[in-house]
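**Q**
Residue numbers (the working numbering), protein chains in the order written: chain Y, 1 to 211; chain F, 212 to 422.
(1) To the nearest angstrom, how far is it from the Cα of residue 372 of chain F to the Cα of residue 356 of chain F?
(2) With which residues is residue 192 of chain Y paired in a DSSP beta bridge?
(3) If we call anything under 8 Å between Cβ atoms a contact, is residue 85 of chain Y one with residue 148 of chain Y?
(4) Which whole-angstrom value is the C-beta distance of residue 269 of chain F and residue 281 of chain F, which I expect to be below 8 Å?
(5) Going along the chain, which unbroken runs of the beta strand (DSSP E) with 3 or more residues stay wholly within the segment 135–162 of chain Y?
(6) How is residue 266 of chain F classed by DSSP in three states: helix, strand or coil?
(7) How would you call residue 116 of chain Y, buried or exposed, if buried means at least 16 neighbouring beta carbons within 10 angstroms?
(8) Decide yes or no for the touch test of the segment 390–404 of chain F against the segment 333–350 of chain F: beta carbon pairs closer than 8 Å, at least 3 of them.
(9) Could you tell me which residues DSSP pairs with residue 64 of chain Y in its beta bridges?
(10) At a Cβ threshold of 8 Å, is residue 400 of chain F touching chain Y?
(11) Report the rounded CA-to-CA distance for residue 19 of chain Y versus residue 61 of chain Y, giving the unit in angstroms.
(12) I need the straight-line Cα distance from residue 163 of chain Y to residue 141 of chain Y, nearest angstrom please.
(13) Where residue 370 of chain F and residue 74 of chain Y are concerned, what is the direct C-alpha to C-alpha distance, given to the nearest angstrom?
(14) I need the straight-line Cα distance from residue 111 of chain Y to residue 242 of chain F, nearest angstrom please.
(15) Looking only at C-alpha atoms, which of F:239, F:238 and F:257 sits nearest to residue 245 of chain F?
(16) Quick check: the Cα distance between residue 299 of chain F and residue 325 of chain F, rounded to an integer number of angstroms?
(17) Which residue's Cα is closest to the Cα of residue 169 of chain Y: Y:136, Y:118 and Y:98?
(18) Counting C-beta neighbours from all protein chains within 10 Å, is the total for residue 96 of chain Y 16 or more, i.e. buried, or is it exposed?
(19) What's the gap between the Cα of residue 196 of chain Y and the Cα of residue 28 of chain Y?
(20) Quick one: grab the DSSP three-state call for residue 17 of chain Y.
(21) Let me check one thing: in DSSP terms, what residues is residue 242 of chain F bridge-paired to?
(22) Is the beta carbon of residue 409 of chain F closer than 8 Å to that of residue 193 of chain Y?
(23) For residue 376 of chain F, which residues from the same chain have a beta carbon less than 7 Å from its beta carbon, with the 5 sequence-adjacent residues on both sides left out?
(24) Please report the distance separating the alpha-carbon of residue 319 of chain F from that of residue 292 of chain F.
(25) Tell me, please, whether the CB atom of residue 148 of chain Y is closer than 8 Å to any CB atom in chain F?
(26) Using the three-state DSSP reduction, which class does residue 300 of chain F fall into: helix, strand or coil?
(27) Any Cβ of chain F within less than 8 Å of the Cβ of residue 141 of chain Y?
(28) Counting only the same chain and skipping the five closest in sequence on each side, list residues whose C-beta sits under 8 Å from that of residue 64 of chain Y.
(29) Quickly, what does DSSP pair residue 165 of chain Y with across the bridge? List them, please.
This is the structure:
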């Protein structure tokens, strides 16, 4: 099976399965039936089976999945059997909120270097321990580091220039919070976070309910 | 066609199509071929046709879609032909970042009321114009208002209690930024924003690339 042919939606669901399985493991659940897992994740059982089938055979028919084993396999598939180091650019309200958000560390993502251009911020040590570097120091800071991801939390007007700096410094994957479409060379992965897409889902549900 | 049978992923993609079409409309594009629209949205043409087919016939074979017409129809389907008013709870770094984010207003979402419990914050007027109410005033503030959505930007430990308050005050749809799973009664729609799911996608891409 060529991994490159896996639909993006399957990868997103694997990520959701891993979160459900983590909760189950914490609750001490050892084996879970496939329909129970489906219910827990809010995804239909046939979809789970189809998603997992891309990667091999999991679970035992009539019994279910071994929680820790499946979690381990999914994490291996996603590349989460290692910690990922990230560079964060933009230490405003959003950047600060991201640094404080417990989910990142819990899921194995670490903000290893942080950048801003504000002279009032550069050189300050954050509560989370990092010292804020100037954007101009990026090449130097990232050189020889194992930082492979960049997170952009700047205003939209700065995002493209920041993306280019990150890429020039060797970053191959970018999580973009700025409300703008980034232009990047082939081989660079970009994920955009647009909260309003989620709101559109809610608007649709409310409209249907009222309809 | 029963709208309730539409897959959630289709609704999410409609939301993405509407953003692409808006950009096209701003660029002055009047008609776009279906494969060009697909390319612009980063989604394959067959998927777009399938998604739209749930709602009727759009576009002209061999010509394409009329940009403004399709945008209007998608907005109508999603319920975005009206403005949505929201209550925001938690005016920390994340809440402040959300209030400042240009995408919400641009997409027709307005933070009509904001809440916190910090005595140092309650009563303050924000740069965006709203006065911060105490959480205990929620019923009173929301009564008779047309606020139908709630946004939770509190610490995880407070999120469930806040959700219950929002629901008691008549909110039917919640966007949850707190890293916790909310328990809500049937009929209440919840969307969780988990940034790390996007990072998992990036981790997968990097892992495949490094293969």
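Ideal placement from N, C-alpha and C gives every residue a C-beta, glycine not left out.
**A** Judging by the given coordinates:
(1) 21 Å
(2) Beta-bridge partners assigned by DSSP to residue 192 of chain Y: Y:176.
(3) Yes; because the gap between Cβ atoms is below 8 Å, this pair is in contact.
(4) 6 Å
(5) 147–152
(6) coil
(7) Buried is the call here.
(8) no
(9) Y:60
(10) yes
(11) Distance between the alpha carbons of residue 19 of chain Y and residue 61 of chain Y: 23 Å.
(12) 16 Å
(13) Distance between the alpha carbons of residue 370 of chain F and residue 74 of chain Y is about 29 Å.
(14) 44 Å
(15) Looking from the CA of residue 245 of chain F, the closest CA among F:239, F:238 and F:257 belongs to F:257.
(16) 5 Å
(17) Y:136
(18) buried
(19) 36 Å
(20) helix
(21) F:277
(22) yes
(23) 346 and 349
(24) 9 Å
(25) yes
(26) Reduced to three states, the DSSP call for residue 300 of chain F is strand.
(27) no
(28) 31, 32, 33, 34, 36 and 37
(29) None; residue 165 of chain Y has no bridge partner.
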